[in-house]
Amino acid sequence: MKMNAEMLNSLRAIGQGGVVVHLTTCSSKGVPNTVGERFFSAFGDEHLVIADMFAQKTKVNLNENPFGVITVAHPVKGRYWAFRGPCMIIMWGEDENFDFHGAKAGDVLREWGDWASKDPPSEVPPDIRPPAVCQRGVITLKVDEAYSWKPDISGEKLL
Amino acid sequence: MAILSPRMKGWLERFGCHIGTATKSGFPTTIVVEQAAVEGDSVVSFDLTDAQVNHIKDNMQENPYVALAPHAIASIRAAYQFKGAATLSGNTLKVDVKEIYCTKPGPEAALRLDTLPQEHVIKFEESRWRDVGPPK
């Protein structure tokens, strides 16, 4: 499912006018895991990507239940979005021709596999900046649907 | 029982949370609630709208374990995740927090905090973040 222009123009890291987003994954038994993420962008118009900086539980969950939700929350700018769909970590070493719902692993890794060089976290204050931006791969979510989390219409479909 | 630190309580009450829920088989739904109240050491309470209740009530009935992550544009400063059993009564969702994790990217990701003595958690927070709570 293609995201619209407003979404694509605003889905970026916080230093470029975006926001911290939150990724929810679940174990196969339904235990959710929700984590804030700074290194975030769109990849093409149907995928969202997040740097995998050794997200331990996220990796375990996606290995057994490859599905996720990314919530984008910037009420001041009218962004009340949740994107849901198949999700996996495309890790360094993956076959570059591996196709994840239309995203080639090699393309994803070339574009977002070295986030620190492409988009360094220069806006992040020293006391919360990671000591080193070590990246194991790219968390990739194929957008199957989008819904609003806006409190009075929570769950209403956007795409 | 997990014990929330004053810094954790400050973030939760000021900005609320992204609340991760799921079916028993692991199909996730996340809502965002922009304010919360902390009761005692470990219970976080949210007032939901009717739409939010309808959005998650089926998940709550079959699988009441939820995950909470602090909301807000500046929430990268609040690198916590809380997990626990939720009870939905009318429009009130109460979460009894059982697990607390640090979610700071890198080597401390997934570090469990609720198993540490409270004084160690306070020292951990003081050594990691210059602020003692959320922005005003």
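If you read the sequences in order, they're chains G and A. Per our numbering, the very first residue in the first sequence carries number 1; after that it's consecutive. Per our numbering, the very first residue in the second sequence carries number 160; after that it's consecutive. C-beta: ideal position from N, C-alpha, C; glycine also. Keep in mind the model is a prediction, meaning the values are calculated, not measured.
- The beta carbon of G:N33 sits closer than 9 Å to some beta carbon of chain A.
- Ranking A:A268, A:R289, A:K242 by CA distance to the CA of A:L163 puts A:K242 first.
- Neighbourhood of G:W92 in chain A, by CB distance below 8 Å: empty, with the nearest CB roughly 17 Å away.
- The C-alpha of A:Q240 lies about 15 Å from the C-alpha of G:R38.
- DSSP, reduced to helix, strand and coil, places A:M167 within a helical segment of the structure shown.
- Excluding five sequence positions before and after A:E267, the CB atoms of its chain that fall closer than 7 Å to its own CB belong to C261, given in chain order.
- Below 8 Å, enough C-beta pairs join the segment 24 to 43 of chain G and the segment 111 to 129 of chain G to call them touching: three or more.
- Sixteen is the threshold: when 16 or more other Cβ atoms of the shown chains lie within 10 Å of the Cβ of G:P32, as they do, the residue is buried.
- Scanning its chain for C-beta atoms nearer than 7 Å, with the 5 sequence neighbours on each side dropped, one finds around G:K150 the residues Y80, in chain order.
- Proximity of G:V19 to chain A, defined by a Cβ-Cβ separation below 9 Å, is satisfied.
- With the criterion set as a beta carbon lying under 7 Å from some beta carbon of chain A, the members of the segment 49 to 69 of chain G are M53, F54, A55, Q56, K57, N65, F67, G68, V69, in sequence order.
- Interface criterion met: the Cβ of A:H177 is under 9 Å from a Cβ in chain G.
- Between the segment 174 to 185 of chain A and the segment 63 to 82 of chain G there are three or more inter-stretch CB-CB distances shorter than 8 Å, so the stretches are counted as touching.
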